[in-house]
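Numbering (the numbering used here), first residue to last: 1 to 192.
One structure is given here, and the rest of the page talks about it.
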Amino acid sequence: MEQKKQITFLTDFFGVIVDEMGPQFFKKHFGEQGSIIKDRYFNKVDIGEISFDEVLRMIAKDYDYKYEDVRHEFYSYLKLKPKTVELLKQIKKKANIVLCSNAGEHLVEDIISKFNLSPIFDKVFISYKYHMAKPDLNFFLLAKNSFPNSKTYYMLDDNMTNLENLGKIDIRSLHFVSEHQLEKDLTNLNLL
């Protein structure tokens, strides 16, 4: 019988395990305004109001692009971060691993399947299923409460906004800057 793990490690998906798709697209096409435009579209995707495919069609229509070109470009940015994956596999020896990601319907699930990542995660929480998204503390609480007997909780995210208030719900923040820095941070926390 496996001993219960005392640590639960929550992790973001886009920007941590795989490269961001939306921010790269919008920065390339809209420069400084890209993040504002991205949020206008993807906030609805993240809470499950519209699908990822629908938003790609809207972007194509609104900016007179071909849908196929928009879809192809988005997926061209999808790159796995292999060092992060290896670090998560090492952390799993000491901690429960919970995916906690903002995303639309089936997108994360499809990527997890494509890269065979499901063995890494003990639980998966994707925002569209719950009609709430990070940085909403209720979304983090759902993920945290999936392992209520843990003594320590961490959340790894590349977006500082998502990490700002986690101390209020007793989750320690880890800011993802690079895979190299993550390895240092995890070593310092004795998670490797």
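Beta carbons are placed, not taken as given, at the ideal position from N, Cα and C, and that holds for glycine.
Start and end residues, beta strand (DSSP E) containing M155: 152-157
Anticipated Cβ contact below 8 Å, I126 with V108, distance rounded: 5 Å
DSSP three-state assignment for A133, whether helix, strand or coil: coil
For Y128 and M1, the rounded distance between their alpha carbons: Any reading at M1 needs caution, since the residue's pLDDT is 37, under 50, leaving its predicted position unreliable; the model's value is listed next. So the two alpha carbons sit approximately 34 Å from each other.
C-beta atoms of N17 and L117 nearer than 9 Å: The question names Asn, but residue 17 is Ile in the sequence shown. Going by C-beta atoms, I17 is nearer than 9 Å to L117.
Cβ contact (3+ pairs, closer than 8 Å) linking the segment 156-170 and the segment 131-138: yes
First through last residue of the alpha helix (DSSP H) which encompasses A60: 52-62
Residues bridged to I97 [DSSP beta-bridge criterion]: F9
Contact set for V124: own chain, Cβ-Cβ below 7 Å, skip 5 residues either direction: L99
Contact check, N96 vs F147, beta carbons under 9 Å: yes
Helix, strand or coil at V177 according to DSSP, with G and I counted as helix: coil
Simplified DSSP assignment, three categories, for F115: coil
Residue interval of the alpha helix (DSSP H) (run including V124): Here V124 belongs to no alpha helix (DSSP H); instead the beta strand (DSSP E) covers 123-126.
Separation of L56 from L80, as counted between CA atoms: 21 Å
C-alpha distance - T11 paired with L192, whole-angstrom precision: 16 Å
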